[in-house]
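Protein chains in written order, with the numbering used here: chain A, 1 to 208; chain B, 209 to 416.
Where a beta carbon is used, it is the ideal one built from N, C-alpha and C, also for glycine.
Just so you know, these numbers come straight off a predicted model, no measurement behind them.
Protein chains: 2
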Amino acid sequence: MTGNYSSVLVENAVDAFTRLPGIGRKTALRLALHLLRQPPETAELLGDAIKKLRSEIQYCSICHNISDGDTCAICRNPKRDHATVCVVEDLRDMIAIENTGQYKGVYHVLGGIISPMEGTGPGDLTLKSLTTKVESGSIKEVIMALPATVEGDTTNFYIFKLLRNIPVTITTIARGIPIGDELDYTDEITLGRSILNRQPYTGTNGLI
Amino acid sequence: MTGNYSSVLVENAVDAFTRLPGIGRKTALRLALHLLRQPPETAELLGDAIKKLRSEIQYCSICHNISDGDTCAICRNPKRDHATVCVVEDLRDMIAIENTGQYKGVYHVLGGIISPMEGTGPGDLTLKSLTTKVESGSIKEVIMALPATVEGDTTNFYIFKLLRNIPVTITTIARGIPIGDELDYTDEITLGRSILNRQPYTGTNGLI
């Protein structure tokens with residue numbers, strides 16, 4: 001008898017799926033049974049994509065973003081403003097900012113944020129490369145675009161201390177009421193900070 | 209430029225993940241980035257488990273359950289009651305019944321239920337094998353344990369028609385108020401059927 005799943009192969013697949021975030025044993029079994037109902041190519045494709053993803057991936061030598069070559073498409077793009085660097089946690093946040101269409105500078109991907117709870121310390125991030133880059137003098141502004149969490153703020157402060165003796169402007173993305181939100185549904189901290197950090201009224205909030 | 213994900217490898221992994229049920233592009237990207245942060249073995253293990261699952265899986269020649277050999281552990285077990293066959297949709301439902309510890313018979317895994325919406329017809333199920341098995345005369349009771357849905361009921365009726373000329377008892381698992389549920393939260397159809405199918409009171413409902 002091979003546990004509950006009547007097959008070591010199913011058992012192994014379920015075990016492997018449950019190592020992914022947000023996937024429990026029930027979902028893992030559903031995924032495994034789904035794959036068994038699909039043509040063999042589907043499982044082959046997924047298995048290969050996963051193995052290649054980890055074994056063949058490269059990182060941009062300038063911004064540490066995921067890349068298929070030595071440098072990524074954004075760092076290679078001469079139309080981007082290479083004197084403005086936006087510091088992000090990972091590719092997901094970079095994609096989110098790219099999707100706004102509002103940013104023309106380049107990025108620096110930290111690969112995480114300082115989180116003692118998850119065992120991520122400053123040494124796990126691409127901080128040395130950021131300092132070297134800023135010290136070289138070609139960067140005018142570093143925009144901190146980290147999550148609005150305690151971990152994000154800790155990382156902001158750590159980077160601020162690292163860079164404070166270098167002549168460079170350090171900014172953070174604005175925190176405030178999300179556009180479209182009602183005031184009475186906004187949490188007190190956000191509302192409080194949005195009052196303290198009030199901005200000059202320019203005749204429109206970008207909505208009309 | 210390789211789309212939004214700055215890497216064909218990430219793109220391929222995201223595409224492959226989104227073919228799984230319940231996984232959209234955002235979740236797929238989260239899974240891919242998670243794998244990139246793990247040791248290479250994690251992705252290797254998951255990729256291999258998925259490929260092997262589909263290419264090496266075997267099915268029990270008696271009950272069509274997933275198996276590592278020609279017959280599954282339940283069909284090989286001499287302590288099970290081989291004259292009682294419980295008809296289930298798939299391995300998940302079989303596991304659910306096994307977990308109750310209340311069933312000592314064997315199973316017959318249909319591999320789906322009749323669903324015109326999903327393009328599953330009688331020909332896609334293991335019905336021929338079920339008929340042959342019951343016709344052989346060694347089966348005393350067939351218990352239908354299919355979902356309490358229109359598709360489940362359609363399949364029940366189809367199998368009932370297939371087997372009606374064979375001397376075998378056909379039963380279905382009881383439908384009624386789930387144990388622990390309040391009457392006023394139960395839907396009208398379940399409540400109505402539970403009144404029609406009322407059972408002799410045996411002094412306890414198994415709760416005390």
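Taking DSSP's pairing of strands, which residues face residue i in a bridge?
i      : result
T334/B : None, per the DSSP bridge assignment.
V142/A : V85/A, I170/A
S115/A : T120/A
How far does the beta strand (DSSP E) with residue i in it extend, from its first residue to its last?
i      : result
V314/B : 313 to 317
Is the CB-CB distance between residue i and residue j below 7 Å?
i      : j      : result
C271/B : V216/B : no
D124/A : G105/A : no
A43/A  : R372/B : no
R383/B : R406/B : no
L254/B : A16/A  : yes
A418/B : C294/B : It is not possible to answer for residue 418/B, since the shown part of chain B is limited to 209 through 416.
N12/A  : A257/B : yes
I385/B : T394/B : yes
I293/A : T155/A : The structure shown has nothing for residue 293/A, since chain A only spans 1 to 208.
I367/B : E343/B : no
I139/A : A83/A  : yes
G107/A : M94/A  : Sequence check: residue 107/A is Tyr here, not Gly. Yes, the pair counts as a contact, with Cβ atoms nearer than the cut-off.
S6/A   : N273/B : yes
A240/B : V218/B : yes
V358/B : V376/B : no
D276/B : S269/B : no
T190/A : L162/A : no
G320/B : T328/B : yes
With residue i as the anchor, note down where its alpha helix (DSSP H) starts and where it stops.
i      : result
G152/A : 150 to 163
N12/A  : 8 to 18
T398/B : 396 to 404
Would you say the beta carbon of residue i comes nearer than 6 Å to a heavy atom of the ligand FAD?
i      : result
G313/B : With respect to the ligand FAD, the structure offers nothing, as it holds no ligand at all.
* Can you list the beta strand (DSSP E) stretches of 3 or more residues lying completely in the segment 22 to 100 of chain A, in chain order? -> 81 to 88
Listed in chain order, which residues of the segment 92 to 107 of chain A have Cβ atoms closer than 9 Å to some Cβ of chain B?
R92, M94, I95, E98, N99
Using a beta-carbon distance cut-off of less than 8 Å, what residues from the segment 242 to 259 of chain B approach chain A? The segment 242 to 259 of chain B vs chain A, Cβ under 8 Å: H242, L243, L244, R245, Q246, P248, T250, A251, E252, L253, L254, G255, D256, A257, I258, K259.
Check your understanding: At a Cβ cut of 9 Å, what residues of the segment 55 to 83 of chain A count as close to chain B, listed as they run along the chain?
Key -> S55, E56, I57, Q58, C60, N65, I66, S67, D68, C72, A73, I74, N77
task: Please name the residues in the segment 152 to 184 of chain A whose beta-carbon is closer than 7 Å to at least one beta-carbon of chain B, in chain order.
output: none
Determine which residues of the segment 106 to 140 of chain A have a Cβ less than 9 Å from any Cβ of chain B, and write them out in chain order.
G111, G112
- Residues in the segment 190 to 202 of chain A with C-beta within 8 Å of chain B's C-beta atoms, listed in sequence order? none
Near-chain A residues of the segment 229 to 240 of chain B - C-beta to any C-beta below 9 Å: P229, G230, I231, K234, T235, L237, R238, L239, A240
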